[in-house]
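Each residue of the sequence shown is one higher than the last, beginning at 245 in the numbering used here. All C-beta atoms in this analysis are idealised placements derived from N, C-alpha and C, irrespective of residue type, glycine included. Quick caveat, the model's predicted, so the values are computed rather than measured. Heads up, the thing below is written out as structure tokens.
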Amino acid sequence: MKFISKFCWLFVGVLFIFSGLIKINDPVGTAIKLEEYFEVFATDISPIFKSFEPYTLFLSIFLSAAEIVLGVALLVRWKLKTILVLLLLMIVFFSFLTFYSAFYDKVTDCGCFGDAIVLTPWESFTKDLVLLVMIIILLFTQHHLPPLVRPATGAVITIITAAISVMVGWYAYEHLPYIDFRAYKVGNNIPALMQPSAPLRYKYIMTKDGQEQEFEEYPTDESYTFKQMVAINPEDGPKITDFNVWNDEGDFTQEVLTGNKLLILVQDVTKADQTNFKEINKLVKAAEQQGITPLAITSSSGADFEAFRHEVNLAVPYFYGDGTVLKTIIRSNPGLLLLQDGTVKGKWHHNDTPDIEEVQEALAEEE
Numbered sequence: 245m246k247f248i249s250k251f252c253w254l255f256v257g258v259l260f261i262f263s264g265l266i267k268i269n270d271p272v273g274t275a276i277k278l279e280e281y282f283e284v285f286a287t288d289i290s291p292i293f294k295s296f297e298p299y300t301l302f303l304s305i306f307l308s309a310a311e312i313v314l315g316v317a318l319l320v321r322w323k324l325k326t327i328l329v330l331l332l333l334m335i336v337f338f339s340f341l342t343f344y345s346a347f348y349d350k351v352t353d354c355g356c357f358g359d360a361i362v363l364t365p366w367e368s369f370t371k372d373l374v375l376l377v378m379i380i381i382l383l384f385t386q387h388h389l390p391p392l393v394r395p396a397t398g399a400v401i402t403i404i405t406a407a408i409s410v411m412v413g414w415y416a417y418e419h420l421p422y423i424d425f426r427a428y429k430v431g432n433n434i435p436a437l438m439q440p441s442a443p444l445r446y447k448y449i450m451t452k453d454g455q456e457q458e459f460e461e462y463p464t465d466e467s468y469t470f471k472q473m474v475a476i477n478p479e480d481g482p483k484i485t486d487f488n489v490w491n492d493e494g495d496f497t498q499e500v501l502t503g504n505k506l507l508i509l510v511q512d513v514t515k516a517d518q519t520n521f522k523e524i525n526k527l528v529k530a531a532e533q534q535g536i537t538p539l540a541i542t543s544s545s546g547a548d549f550e551a552f553r554h555e556v557n558l559a560v561p562y563f564y565g566d567g568t569v570l571k572t573i574i575r576s577n578p579g580l581l582l583l584q585d586g587t588v589k590g591k592w593h594h595n596d597t598p599d600i601e602e603v604q605e606a607l608a609e610e611e
């Protein structure tokens, strides 16, 4: 039992730290995921969950930091019983979220490990159940886990971990994620990722006499009833399926993915930070002089964006894009994306608006 207890101790501690680090790497992405949950719960359970939406960023950093802190405290075995009770409460909360998502098919990706490791709702719930069992085992076998440090040392380690975790999360919010796990990261070619990496193959699920059978080729026997067609190799499908740019004149996706383009992405003008538009406008003028085409993409209405761009003096043509896609591309509102024939050459938070020399260096870099 001692070995099982130590295995659970190490596994739970490391996994909570890993999970917290992945989330705090991208606090805006975690906040978006929490917002999805609150929207679902507000509709299905109680409107009170709608009131949590303004605090999703705070909750994102707090919960991510809490995972890291509890994981570290568990590994040094500081105040073990209290830490285990807190871990139990957290995993019960997460288990509820993932079970609800899986059973009612509401949120298709729990965001447990951010964009680094995407789990299906049932995979997420299974993971939480395993952790729940391990934490319960630890509660009953904690006598096998004596403290590794003095209480005062454990307190200092925990406080320092909490402070560093919050600072790391806040810095990622004020700039961009330290590691970009999304399909639009620097170096990726968007047109290539819009194509499958290999031909998709399918299997056909048919029913006959109440029994299901699978076929790799559609059966000629007309006694079978078609139920479902499922991709055998979904991992080979397009990694980007929803990148589109348009205006009132039509689709301009191909135009945006051709040549050197500096995109100013404004997800929602009502939430856009106007602080750094002086630097952005300076970059826009310099880019035009160097043959780099600047343009804006927004998910706001034309009327709203017209008013906004006059307010911030943004003199560029603008197009429309899906709000969710813009949030996926960059965790900044506004944010800047540099493309060279559809390849992402640079991404910048508005707080890190580059000068034209940095943009030119990015374009000159070879893959």
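What residue range does the alpha helix (DSSP H) around residue 371 cover? 365–385
Out of curiosity, what's the CA-to-CA distance linking residue 365 and residue 389? Each residue's alpha carbon lies about 33 Å from the other.
Can you find a C-beta in chain D that's less than 7 Å from the C-beta of residue 314? Chain labels in this structure do not include chain D; a single protein chain is all it has.
Report yes or no: do the region 420–436 and the region 582–602 share at least 3 C-beta pairs separated by less than 8 Å? yes
Rounded to whole angstroms, what is the Cα-Cα separation between residue 481 and residue 444? 7 Å
Do residue 312 and residue 261 have their CB atoms nearer than 7 Å? If you check the CB distance, residue 312 and residue 261 come in under 7 Å.
Quick check on the burial criterion: 16 or more other C-beta atoms within 10 angstroms. Buried or exposed for residue 503? exposed
Mind the definition here: the region 435–451 touches the region 465–483 only if three or more C-beta pairs lie below 8 Å; say whether that holds. Result yes; three or more Cβ-Cβ pairs closer than 8 Å.
Please go through the same chain and pick out, in chain order, the residues whose beta-carbon is closer than 6 Å to the beta-carbon of residue 488, but skip the five residues on each side of it. 497
Sort out for me which residues DSSP pairs residue 564 with in a bridge. In the DSSP output, where bridge partners are listed per residue, residue 564 has 490 and 542.
Cut-off 6 Å between Cβ atoms - residues of its own chain near residue 457, not counting five sequence neighbours on either side: 450
CB of residue 322 within 7 Å of CB of residue 398, strictly: yes
Looking only at its own chain, which residues have a Cβ that is under 7 Å from the Cβ of residue 446, when we skip the five neighbours before and after it? 473, 474, 475 and 476
Residue 602 (DSSP reduced to helix, strand or coil): Secondary structure at residue 602: helix, using DSSP grouped into helix, strand and coil.
Within the chosen definition, does the region 265–280 reach the region 300–310 through at least 3 CB pairs nearer than 8 Å? yes
Simplified DSSP state of residue 483, which is helix, strand or coil: coil
Quick check on DSSP: helix, strand or coil for residue 433? strand
Can you tell which of 558, 501, 493 and 499 has its C-alpha closest to the C-alpha of residue 520? Comparing alpha carbon positions, the residue from 558, 501, 493 and 499 closest to residue 520 is 558.
Assuming residue 500 and residue 544 are in contact, meaning their beta carbons sit under 8 Å apart, how far apart are those beta carbons, in whole angstroms? Incorrect: roughly 18 Å between the Cβ atoms, too far for contact.
Anticipated Cβ contact below 8 Å, residue 185 with residue 463, distance rounded: This structure gives no information on residue 185, because the portion of the chain shown stretches from 245 to 611.
Residue 587 - partner residues in DSSP beta bridges: 433 and 584
Segments assigned alpha helix (DSSP H), at least 4 residues, entirely inside the region 275–336: 300–320
Would residue 600 pass as a contact of residue 540 if the rule is Cβ separation under 7 Å? no
Neighbourhood of residue 606 by C-beta distance below 7 Å, restricted to the same chain and skipping five residues each side: Contacts found: 582, 589 and 590.
Quick one: Cα of residue 251 to Cα of residue 409, how far? Their backbone Cα atoms lie some 25 Å apart in a straight line.
I'd like to know whether the C-beta atoms of residue 295 and residue 274 end up nearer to each other than 7 Å. no
Considering only their Cβ atoms, is the gap separating residue 285 from residue 297 smaller than 7 Å? Going by C-beta atoms, residue 297 is not nearer than 7 Å to residue 285.
One or two residues paired with residue 451 in a DSSP bridge: 456 and 469
Keeping to the same chain, check which residues put their C-beta closer than 7 Å to that of residue 392; ignore five residues upstream and five downstream. 320 and 321
Does the beta-carbon of residue 538 have 16 or more other beta-carbons within 10 angstroms, so that it is buried, or is it exposed? buried
Could you name the residues that DSSP lists as bridge partners for residue 593? 579
Thinking C-alpha only, which one of 507, 336, 256 and 470 is nearest residue 525? 507
Distance between residue 363 and residue 348 (C-alpha atoms, nearest Å): 16 Å
If you follow the alpha helix (DSSP H) that residue 510 is in, where does it begin and where does it stop? Counting along the chain, residue 510 falls outside any alpha helix (DSSP H), though it belongs to the beta strand (DSSP E) covering 504–510.
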